[in-house]
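Report on the following structure.
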Amino acid sequence: MRRGVRSRETWRSLRIAAWLGWQVESNWADPFVFAIYSVIKPIAGALILVFMYVVVARGGLENPLFPAIFVGNAFFIYVPTVLSGISWSIIDDREHYGMLKYMYVAPLDIFAYLAGRGIAKAVIATIALVITLLLGVFALGVPIEFASIDWPLFIGVSLFGAAILTFLGILLGGITLITARHSYYVGEAVAGALYLFCGVVFPIDVLPAWLRWIGQAIPLTYWLEALRRAMIGVGASRTLDGLSDAGLLAIVAGSSFGVAGLAYVCYRLAERRALGRGLIDMQTMY
Amino acid sequence: MTRSTWTIFWRTVIGRAYPRIIGLQREKSWLFFDVFLPLLSVAAYVYIYRAIEAPPEFLGFVVLGGAMTAYWLNIMWNMASQFYWEKETGNLELYIIAPTSRMAILLGMAIGGIVATTVRALAVIAIGTLVFRVPMTVTSVPIFIAVFVSTMIALYGLGMLLSSLFLLFGREAWHMSELLREPVFLVSGFYFPVKALGFAVAAAASIVPITVGLDAMRQLLFPAMMSDLRFLPPEAELAILAGSAVLFLTLAQRSLAFLEQLARREGRLTLRGQ
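Residue numbers (the numbering used here), protein chains in the order written: chain A, 206 to 491; chain B, 21 to 294.
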């Protein structure tokens, strides 16, 4: 296929999937109800942290750890939303709407399609993130100042982080393609494990050594640490203190290429298996 | 009720409870995930408390709260949303035309849910207690059992009520179950004593039976630490739970009859892919 035709197909798949994803996510309710729905969950998650600090921590919200933890928790909103969103779209299209088989006979780029479904979820997560950060700044005294944000670091790490999340989502989508009964758990289990190992709501220094090593092997640990440094000027972990901002960015950037390659290979293998075993139009009723 | 009506009622209860008690245990990987997923949250919250040097009793609050999340998730996904799933898979119309009581179906779902979820909750408590070395001693076993049983009856009564309300929902059922997760974990004090939210919020949150049930169980397990952090005395909370159980079961029966008629009139009982 000519390169121009292929890139038009990729762009069209991405655009249409993002639009479709947005419709699926949002058109079950009127915009006001949907807006409330989108922000209540993450705000409640953040407030659980707040009250844990209020009840126990010395100094309550003045505890020096709190801002870094709050920011990490806020940005983590993207992780379950995008990971589960992309992998779930496989189940949704295959089992609920019976459309996955048509995707495979239509002229579309499946990677762009899945990424597009992820974009729709990321938009919702961005709304929730902004509201959560505003709550943090104006109600809880989290010291984020627009002028002092390290924008180059923030933009760089956000772009590569988005790529990591998208490709992780595609990788999970591949697993979902060849899974029947456990599909519901895939995104949630991975996001739950990342919540623990990446030190989202505590510094990874408090983990036992063997769990800390797992955390240090996951790119999202560095992504969150870099975002903390970009937003509030300090990270949460002493273990990662030795890394410069440029070092963190380099790790996140390098990892994004590694995750992309891994996701591509895993998805293609899963896809071949699914096509060979007739799983593309599987109806498991689970 | 005649004798045959009772027989059908209890056969329905057993028949609907069976797949939850026996069927779910057959899928061992589900059992693993049902224990593993709450444990991940429990571990994360335990490490928060460790990072801020909380007393060890707080780790116990988290382990107990984490175990109770299994019940709340079971209520939302396997009670409240159940009729929505049945509608999507075409079973709901079979339920409706079957010569049995819908309350018997709900009761069977509830009993099956309690048994299956208790296995998971006990596993979370056992693993959490062992791994994080949480000191737990029940100060009054009879009151603890009474609180737990009342919490379950009230909670599953609420589940039966929600199930009838969700009968009218399409995709909203899915989103509503998603929505009522973290906010309920917050206002019911799953990971911290609910008193921290203030009396008014805690009182309002008591509509979810886990709020008072969890507070009472924490008082009975960690009396010294909870002496300053309790919402109400355990005896008062037990009375609230008993009242809630009666209220929710009564409301569930009435709302099921009403909403079933409404759903029939509006043609929603067989509407799929909505």
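Cβ atoms here follow ideal geometry from the backbone N, Cα and C, with glycine treated the same way.
Contact check, residue i vs residue j, beta carbons under 9 angstroms
i: PHE407/A; j: ALA431/A; result: no
i: GLY209/B; j: ASN94/B; result: no
i: LEU91/B; j: LEU175/B; result: The question names Leu, yet the displayed sequence has Tyr at residue 91/B. A contact, by the Cβ cut-off of 9 angstroms.
i: VAL135/B; j: PRO58/B; result: no
i: GLY226/A; j: SER292/A; result: no
i: SER77/B; j: MET245/B; result: First, the amino acid is wrong: residue 77/B is Glu here, not Ser. Yes; because the gap between Cβ atoms is below 9 angstroms, this pair is in contact.
i: PRO424/A; j: ILE456/A; result: yes
i: PHE168/B; j: GLY263/B; result: no
i: VAL82/B; j: ARG140/B; result: no
i: LEU319/A; j: SER294/A; result: yes
i: SER243/A; j: ALA333/A; result: yes
i: ALA435/A; j: ILE354/A; result: yes
i: ALA279/A; j: THR337/A; result: yes
i: LEU401/A; j: ALA64/B; result: yes
DSSP-derived helix/strand/coil call for residue i
i: ASN111/B; result: coil
i: TRP26/B; result: helix
i: PHE189/B; result: coil
i: ILE72/B; result: coil
i: GLU350/A; result: coil
i: PRO203/B; result: helix
i: VAL158/B; result: coil
i: PHE210/B; result: coil
i: TYR258/A; result: helix
i: SER231/A; result: helix
i: ILE360/A; result: helix
i: LEU219/A; result: helix
i: PRO243/B; result: helix
Under 7 angstroms from the C-beta of residue i: neighbouring residues of chain A
i: PHE78/B; result: VAL261
i: GLU106/B; result: Correct list: empty, because the minimum Cβ distance to chain A is about 11 angstroms.
i: PRO213/B; result: VAL260
i: ALA74/B; result: VAL261
Chain B contact residues for residue i, given Cβ-Cβ distances below 8 angstroms
i: PRO408/A; result: ALA71
i: LEU484/A; result: The premise fails here: LEU484/A is roughly 18 angstroms from chain B at the closest Cβ pair, so nothing lies under 8 angstroms.
i: LYS326/A; result: Those within 8 angstroms of LYS326/A in chain B number zero; the least Cβ separation is about 13 angstroms.
8 angstroms Cβ cut-off: residues of chain A touching residue i
i: SER208/B; result: Residues of chain A passing the Cβ test: none, with the nearest at roughly 11 angstroms.
i: ALA136/B; result: Near ALA136/B there are no residues of chain A at all, since even the closest Cβ is about 16 angstroms away, more than 8 angstroms.
i: PHE168/B; result: The contacting residues do not exist; PHE168/B stays about 24 angstroms from chain A at best.
i: PRO251/B; result: Reading off the sequence, residue 251/B comes out as Phe, not Pro. Result: empty, since nearest Cβ-Cβ is about 13 angstroms, beyond 8 angstroms.
With 16 other Cβ atoms within 10 Å as the buried cut-off, status of residue i
i: GLY201/A; result: This structure leaves residue 201/A out entirely; chain A is present only between 206 and 491.
i: GLY132/B; result: buried
i: TYR309/A; result: exposed
i: ALA287/A; result: Checking the displayed sequence, the identity of residue 287/A turns out to be Val instead of Ala. Buried: at least 16 other Cβ atoms inside 10 Å.
i: TRP50/B; result: buried
i: GLY366/A; result: buried
i: ALA422/A; result: exposed
i: LYS107/B; result: buried
i: ARG213/A; result: exposed
i: THR109/B; result: exposed
i: VAL161/B; result: exposed
i: ASP298/A; result: buried
i: THR489/A; result: exposed
i: SER61/B; result: buried
Chain-ordered neighbours of residue i on chain B, where CB pairs are closer than 7 angstroms
i: GLU393/A; result: LEU57
i: ALA411/A; result: Looking at the sequence provided, one finds Val at residue 411/A rather than Ala. The answer, in chain order, is TYR67, ARG70, ALA71.
i: GLY397/A; result: LEU57, LEU60, SER61
i: TYR283/A; result: Here the premise fails: no neighbours, minimum Cβ distance about 16 angstroms.
i: TYR242/A; result: HIS195, LEU199
Chain B residues whose Cβ lies nearer than 9 angstroms to that of residue i
i: TRP233/A; result: GLY190, ARG191, GLU192, TRP194, HIS195, GLN294
i: ALA249/A; result: ARG201, GLU202, PRO203, VAL204, PHE205, LEU206, VAL207
i: ILE253/A; result: TYR65, GLU202, PHE205, LEU206, PHE210, TYR211, PHE212
i: MET308/A; result: Simply none; closest approach about 18 angstroms.
Give, in chain order, every residue of the region 214-225 of chain B whose Cβ lies closer than 8 angstroms to some Cβ of chain A. ALA216, LEU217
What are the residues of the region 287-306 of chain A that lie near chain B, defined by any Cβ-Cβ distance shorter than 9 angstroms? HIS301, TYR302
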